[in-house]
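Every letter in the sequence shown is one number past the one before it in the UniProt record's numbering, and letter 52, counting from 1, is 52.
The beta carbon of each residue, even a glycine, is placed where N, CA and C say it ideally should be.
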Amino acid sequence: MLQRPVELTQFTSRAFTERARASGLVPSMGSIGDCADNALMESFWGRVQTELLNRKRWRTRLEPANALFEYLEIFHNRQRRHSALGMLTPNEYELRATHVA
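So this is what it looks like as structure tokens:
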């Protein structure tokens, strides 16, 4: 029987979080019991699957890896309109913010 190298709850426990903070580290997850972080990521990856990964059959592992990089770096981060940015692309939003400042 294969065992996971790390128990699933190990890095979300209160003791781990307190020890990390005491050591000057900032945990990458939200507070314990805070499902908002997970909900946002689940929504994001669901969108990536719908808009990109599930639309075709990939012949090699490299094809979806390259497509994912292009989707994130070119489309999502630079061209896709975001409701949180007033339906502007990140580039448009940054230009407006730069001109206002």
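Over the uninterrupted alpha helix (DSSP H) stretch that includes residue i, give me the two end residues.
i: residue 93; result: 90 to 100
Taking the alpha-carbon of residue i as reference, which of the options has the nearest alpha-carbon?
i: residue 76; options: 58, 57 and 48; result: 48
i: residue 50; options: 95, 71 and 23; result: 71
i: residue 44; options: 23, 22, 82 and 62; result: 82
Please confirm whether residue i and residue j have their CB atoms less than 8 Å apart.
i: residue 91; j: residue 78; result: yes
i: residue 85; j: residue 68; result: no
Cβ of residue i less than 8 Å from any chain D Cβ?
i: residue 77; result: Here there is only one protein chain, and chain D is not present.
Of all the alpha helix (DSSP H) runs that stay within the bounds of the segment 15 to 84, which reach a length of 4 or more residues? 36 to 51 and 62 to 70
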